[in-house]
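Input: a single structure, listed below in structure tokens.
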Amino acid sequence: MADKEDPRRRAFVIGHPIGHSRSPLIHRHWLERAGLEGRYDPVDVAPENLPSFISALRDGSSGLTGGNVTIPHKETVLDLVDNVDDIARQIGAANTLWLENGRVMATNTDSYGFTANLDEMATGWDAGKTAVVFGAGGASRAVIHALLSRGFEQVHIVNRTEARAQALAEAFGPRAVAHCNDRLQDLLGGADLFVNTTSLGMGGTEVPEVDFTVMAENALVTDIVYIPLETPILAMARRQGLNTVDGLGMLLHQAVPGFARWFGVTPQVTPDLRRLIIADMETHI
Ligand code: ATR
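Numbering (this note's numbering), first residue to last: 605 to 889.
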């Protein structure tokens, strides 16, 4: 069993496929920095093997301490663990697991990662009242959770398929309001924050021309997509003179709480770590 005092604690990231994950790079960097002997390894777990993987985590036979969960297991894992916290429950997905008294615990750190990135890169970003979130997929749920937790009075969810935006608005209560894409420009008028969570502009798709200059003074435009670092939407906003923050910091910060749980040391998101991941992005897209 992976004892809490065992200096060689082992953590994982499970997905299917798993080759693309940058989490090992992040956690191994932190292990090295902290001088710890622990390990962090990618494990390819096919969907039909997820229940046995979680059982082996629980009974200690895998020797694992905890780890990250990525596509396609983030939702299905909720039914297999022993405890799902409120954040993971509300987001409807977990990305971080750990063991507590023989029980498998699950949380979602994406909302924390989003918030911590903006706290670092755009102090005061949460002073605004109105936010526009573009997209209503899984990632958008974590963003909406973060915005409501930080006191935004109105979170407009704009999505091509309005029904998906509607489902999110219902899940998050009256401060979240659903709209279809043709309302985007109007809703930007006077808004304090715009968050892109869609893949729009990637892989050659067209990005509609948006006028961000109608947003409130000192408004911020951010993207949770980080490949490329400057997405077409961020580039457009920057050209129009808006403040922008890229999404790489969300990836880095969302990893912090998991590392702290598994290895007992709270790691730092440093310029060195950022450079390491950017260098990897330049060589492995
Ligand atoms: P994730 O879990 O990463 O958020 P997702 O669930 O596939 O990914 O969601 C992708 C988001 O991008 C959705 O909001 C999607 O809109 P639909 O719900 O209408 O599919 C949005 N999206 C993707 N391609 C788009 C496009 N070409 N135009 C407009 N929205 C797009």
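Note that beta-carbon positions come from the ideal geometry of N, C-alpha and C, so glycine has one too.
> What residue does the alpha helix (DSSP H) around T887 start on, and which one ends it?
Replying inline: P875 to T887
> Which value, in whole angstroms, describes the spacing of the CA atoms of Q844 and F798?
Replying inline: 14 Å
> beta strand (DSSP E) containing E704: first to last residue?
Replying inline: T700 to E704
> What does a CB cutoff of less than 8 Å around R865 pick up in its chain, not counting 5 residues either side in sequence?
Replying inline: G670, T700 and W702
> By DSSP, does Y716 sit in helix, in strand, or in coil?
Replying inline: helix
> Cβ of L804 within 7 Å of any heavy atom in ligand 1?
Replying inline: yes
> Apart from the five residues on each side of it in sequence, which residues of its chain come closer than 6 Å, Cβ to Cβ, to L824?
Replying inline: A726, W729, L797 and N847
>> In whole angstroms, give me the CA-to-CA distance for S627 and L855.
In response: 9 Å
> A775 by DSSP, collapsed to three states: which one?
Replying inline: helix
> Are the Cβ atoms of A697 and E679 separated by less than 8 Å?
Replying inline: yes
> Taking the alpha-carbon positions, what's the Y830 to H633 distance?
Replying inline: 19 Å
> Bridge partners of R637, per DSSP?
Replying inline: DSSP lists no partner for R637.
> Exposed or buried, H596, counting other C-beta atoms within 10 Å across all chains shown (16 or more means buried)?
Replying inline: Because the chain here runs from 605 to 889, residue 596 falls outside it and cannot be looked at.
>> Given 7 Å as the limit, tell me if S744 has its C-beta closer than that to any heavy atom belonging to ligand 1.
In response: yes
>> Quick check: what's the CA-CA separation for A746 versus A767?
In response: 18 Å
>> Whole angstroms are fine: how far does the CA of V617 sit from the CA of G667?
In response: 14 Å
> Do three or more CB pairs link the segment 706-717 to the segment 681-695 at distances below 8 Å?
Replying inline: yes
> What is the DSSP secondary structure of N785, reduced to helix, strand or coil?
Replying inline: helix
> So, is Q858 buried or exposed, given that buried needs 16 or more other C-beta atoms within 10 angstroms?
Replying inline: buried
> What distance in whole Å lies between the Cβ atoms of V811 and P836, which are believed to be in contact at a cut-off of 8 Å?
Replying inline: 5 Å
>> I want to check one thing, is the minimum distance from the CB of T801 to the heavy atoms of ligand 1 below 7 Å?
In response: yes
> Assuming I622 and P655 make a contact with CB atoms under 8 Å, what is their CB distance in whole Å?
Replying inline: Wrong, their Cβ atoms sit about 18 Å apart, outside the cutoff.
> Does DSSP classify V860 as helix, strand or coil?
Replying inline: helix
> I think I881 touches G851, with their Cβ atoms under 8 Å apart; what is that distance to the nearest whole Å?
Replying inline: With 8 Å as the limit, I881 and G851 do not qualify as a contact, their Cβ atoms being about 12 Å apart.
> Does at least one heavy atom of ligand 1 sit under 7 Å from the Cβ of N785?
Replying inline: yes
> Is the beta carbon of N705 within less than 7 Å of some heavy atom of ligand 1?
Replying inline: no
> Apart from the five residues just before and just after L838, which ones in its own chain have a Cβ nearer than 7 Å to its Cβ?
Replying inline: V825, D827, T848 and D850
>> Quick check on A859 - is its C-beta less than 8 Å from some C-beta in chain C?
In response: The structure shown has no chain C; it contains just one protein chain.
> Hey, quick one: how far does the beta strand (DSSP E) through V747 stretch, first residue to last?
Replying inline: Not the beta strand (DSSP E): V747 falls in the alpha helix (DSSP H), residues G742 to S753.
> What's the C-alpha gap between D663 and F657?
Replying inline: 10 Å
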